[in-house]
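See below for the structure under consideration.
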Amino acid sequence: MKAWFAQHVRALSASLAKLGRARLAMALNVLVFGVALSLPAGLYAGLDNLQRFAGNLERKPQISLFLTLDASAADTAAIESRLRQNAGIASFAFVPRENALEEFRQQAGLGDVIAQLSHRQQGDPARNARNVDEQANNPLPDAFVINANSDEPRTLDKMRAEFAQWPAVEHATLDSAWAEKLAAAVAFGRLATLFLATLLSVALIAVVFNTIRLQIMTLRDEIEVARLIGATDPFIRRPFLYYGAAQGFIGGLLACLMIAAAFALLDENMRAFAELYAADFRLQGLAYGDSMAVLAFSAVLGWLGARLSVGRHLKQSI
Amino acid sequence: MIGFSQVFKRYPQGRNSQAYSALSNISFTIQPGEMVFIAGHSGAGKSTLLKLIAGIELPTAGSVIVNGQNVGKLKPAAMPFLRRNFGLVFQQHKLLFDRTVFANVVLPLEIAGFERREAARRVRAALDKVGLLGKEKAWPITLSGGEQQRLCIARAVVNRPSFLLADEPTANLDAAYANDIIGMFQSFNRVGVTVVIATHDEAMLTRVAPRTIALKQGELVAEAEHGVMAERHA
Numbered sequence: 275m276k277a278w279f280a281q282h283v284r285a286l287s288a289s290l291a292k293l294g295r296a297r298l299a300m301a302l303n304v305l306v307f308g309v310a311l312s313l314p315a316g317l318y319a320g321l322d323n324l325q326r327f328a329g330n331l332e333r334k335p336q337i338s339l340f341l342t343l344d345a346s347a348a349d350t351a352a353i354e355s356r357l358r359q360n361a362g363i364a365s366f367a368f369v370p371r372e373n374a375l376e377e378f379r380q381q382a383g384l385g386d387v388i389a390q391l392s393h394r395q396q397g398d399p400a401r402n403a404r405n406v407d408e409q410a411n412n413p414l415p416d417a418f419v420i421n422a423n424s425d426e427p428r429t430l431d432k433m434r435a436e437f438a439q440w441p442a443v444e445h446a447t448l449d450s451a452w453a454e455k456l457a458a459a460v461a462f463g464r465l466a467t468l469f470l471a472t473l474l475s476v477a478l479i480a481v482v483f484n485t486i487r488l489q490i491m492t493l494r495d496e497i498e499v500a501r502l503i504g505a506t507d508p509f510i511r512r513p514f515l516y517y518g519a520a521q522g523f524i525g526g527l528l529a530c531l532m533i534a535a536a537f538a539l540l541d542e543n544m545r546a547f548a549e550l551y552a553a554d555f556r557l558q559g560l561a562y563g564d565s566m567a568v569l570a571f572s573a574v575l576g577w578l579g580a581r582l583s584v585g586r587h588l589k590q591s592i
Numbered sequence: 038m039i040g041f042s043q044v045f046k047r048y049p050q051g052r053n054s055q056a057y058s059a060l061s062n063i064s065f066t067i068q069p070g071e072m073v074f075i076a077g078h079s080g081a082g083k084s085t086l087l088k089l090i091a092g093i094e095l096p097t098a099g100s101v102i103v104n105g106q107n108v109g110k111l112k113p114a115a116m117p118f119l120r121r122n123f124g125l126v127f128q129q130h131k132l133l134f135d136r137t138v139f140a141n142v143v144l145p146l147e148i149a150g151f152e153r154r155e156a157a158r159r160v161r162a163a164l165d166k167v168g169l170l171g172k173e174k175a176w177p178i179t180l181s182g183g184e185q186q187r188l189c190i191a192r193a194v195v196n197r198p199s200f201l202l203a204d205e206p207t208a209n210l211d212a213a214y215a216n217d218i219i220g221m222f223q224s225f226n227r228v229g230v231t232v233v234i235a236t237h238d239e240a241m242l243t244r245v246a247p248r249t250i251a252l253k254q255g256e257l258v259a260e261a262e263h264g265v266m267a268e269r270h271a
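If you read the sequences in order, they're chains A and B.
Residues 275 to 592 in the working numbering are what the first sequence lists, from first letter to last.
Residues 38 to 271 in the working numbering are what the second sequence lists, from first letter to last.
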């Protein structure tokens, strides 16, 4: 057991010494690994951020009913009682147009937009700019926000269509639609990233395969002598496998560093961008576990490339 | 013990070569602790015979038995462990010129998985036996032909093998050096190592007068017990 361990340590140190000797070849291969891995891993992290952003929003879809601007209190009461009787509804809230306006105004910058809208409605911006009669000029309708029992898209859409037919309802919208589209886009992005990662993995295996092939050719004498004096195949393979795995590992490390640097840079800009929308959103790079996964995966890729190469090229000698 | 029983070795016809019979119908036995010379001219099959013993080549027919194991029937995975019983001294030395004398000699011990300090001790002992103790940090390329041969011997014996196989160990060496080398093999033999040496050096055979197996064009033509050649008529 001790001897076995010592052999592994020796093979590993021999491989690392080899890495030290072939600096340029090594550096180039590590760079190839770093760039090729940072692409899918970075995309993955980006998608993660996007999903987190979407996750911050209300997951359960809501239906909004916007009433006509001239809807009376009686109309509102009629709708309220119909909603109360509907078994498919978990809860609902009435948002009077005054409240809606107030809420809108509190959002930075939107007050001006409201003012603009109401002027246009009046058809005479000059006069209204001086003295805005807010109640009369409020462009926002009364609204109901409804939480349904179901989150089945088809049921919700049916409900939305039904509500839209009611008198004094201007239109009804299903709020979750865009969140669902985003989720679908993220899922598609994931799949595309997976394809990309698979393609690049194959390329990386090929790169290691070729590097190891060249090394075996230059070490042909050494391998032959080792065989003649009783080296087993695993003993001969070992340094090459460690070499491949070390290349992959260091390449993975480079990829993680590149992603971290890129996200740090992007986050600076992102924060300014998010402030514009009064959102508190920070970009997050690869999580600790994901970084570990990238390192392990790239080391395995390097090992696999070396294993295939050694398996193929050692068979041909002696 | 090494036993050959009706061993044939043929090389099939290649693209640029005729089919070629290197050894035919060879039978002999070498007892543990013996020192045996394989004699014959170039191309008589001496090297092939040594390669068959070490499992570097496999017999076309017949059986090669080493320590009770049939070398021709051995699984590839078991071959390295058979080889560790042999110290091999090659005609072309097969030294590794990108590492020092020490690193060349330690290689068999690394392969066998020796602990580092014990390995270093054994390497020094082996280098001492062949008179290269002061040169462990030297590069093989800086050694003379005779020194390279001795380095090869040190590498062969460092693992304390039970068999020492040498292919033309005295070729290209002057008489004094050659005597040195043979003396070394004799001293290893005295401590119980079975030694098999292939040579075409007639003068040395008469001087040492060992047991000799003579080959001619791949056939065993004579066996001599300590200098007395007995022609064999098949």
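Think of the CB as a built atom: it goes at the ideal place given N, C-alpha and C, for glycine as much as any other residue.
Note on the region 111–180 of chain B: whole beta strand (DSSP E) runs with a minimum of 3 residues are 123–126, in chain order. Under the Cβ criterion of 7 Å, ILE39(B) is not counted among the residues facing chain A.
Judged by their CB atoms, PHE45(B) and ALA98(B) are nearer to each other than the 7 Å cut-off. None of the residues of the region 158–190 of chain B has a beta carbon lying less than 7 Å from any beta carbon of chain A. A Cβ of chain A is located within less than 7 Å of the beta carbon of ARG120(B).
Under the three-state reduction of DSSP output, GLU256(B) falls in the strand class. Nearest CB-CB separation between LEU502(A) and chain B: below the 7 Å threshold. Listed in chain order, the beta strand (DSSP E) elements of length 3 or more contained wholly in the region 208–254 of chain B are 231–236, 248–253. Assignment of ALA193(B) by DSSP, reduced to helix, strand and coil, places it in the helix class. Between VAL309(A) and chain B, the shortest Cβ-Cβ separation is not below 7 Å.
Comparing C-alpha distances from SER338(A) to each of ALA480(A), ILE510(A), HIS445(A), LEU478(A) shows the shortest one belongs to HIS445(A). Residues of the region 481–508 of chain A with a Cβ closer than 8 Å to any Cβ of chain B, in chain order: ASP495, GLU496, GLU498, VAL499, ALA500, ARG501, LEU502, ILE503, GLY504, ALA505, THR506, ASP507. Between the region 517–527 of chain A and the region 53–65 of chain B there are fewer than three C-beta pairs closer than 8 Å, too few to call the two in contact. For ALA203(B), the enclosing beta strand (DSSP E) has its first and last residue at 200–204. Collapsing the DSSP output to three states places LEU478(A) in a helix. At a Cβ-Cβ threshold of 7 Å, LEU527(A) and LEU540(A) do not count as neighbours. Between the region 237–253 of chain B and the region 73–81 of chain B, the count of Cβ pairs shorter than 8 Å is three or higher; the stretches touch. Within the region 240–258 of chain B, no residue has its Cβ closer than 7 Å to any Cβ of chain A. Residue pairing by DSSP puts ILE63(B) in a beta bridge opposite VAL44(B).
With three or more CB-CB distances shorter than 8 Å, the region 77–84 of chain B counts as touching the region 251–261 of chain B. Counting along the chain, GLU71(B) sits inside no beta strand (DSSP E), nor does DSSP assign it H or E at all.
By the Cβ-count criterion, SER365(A) is exposed, with fewer than 16 other Cβ atoms from all chains shown falling within 10 Å of its own Cβ. With 16 or more neighbouring CB atoms inside 10 Å of its own CB, LEU478(A) falls in the buried class.
Residues of chain B with a Cβ closer than 7 Å to the Cβ of ARG284(A) are, in chain order, GLU147. Beyond the five residues adjoining it in sequence on each side, ASN423(A) comes within less than 6 Å, by CB distance, of GLY362, ALA364 in the same chain, given in chain order. Using a Cβ-Cβ cut-off of 7 Å, GLN325(A) does not count as an interface residue toward chain B, since no Cβ of chain B sits closer than that to its own.
In its chain, beyond the 5 residues on either side, LEU321, LEU324, GLN325 have a beta carbon closer than 6 Å to the beta carbon of VAL460(A). For GLY99(B), the secondary structure class from DSSP, reduced to helix, strand or coil, is strand.
Under the Cβ criterion of 7 Å, PRO96(B) is not counted among the residues facing chain A.
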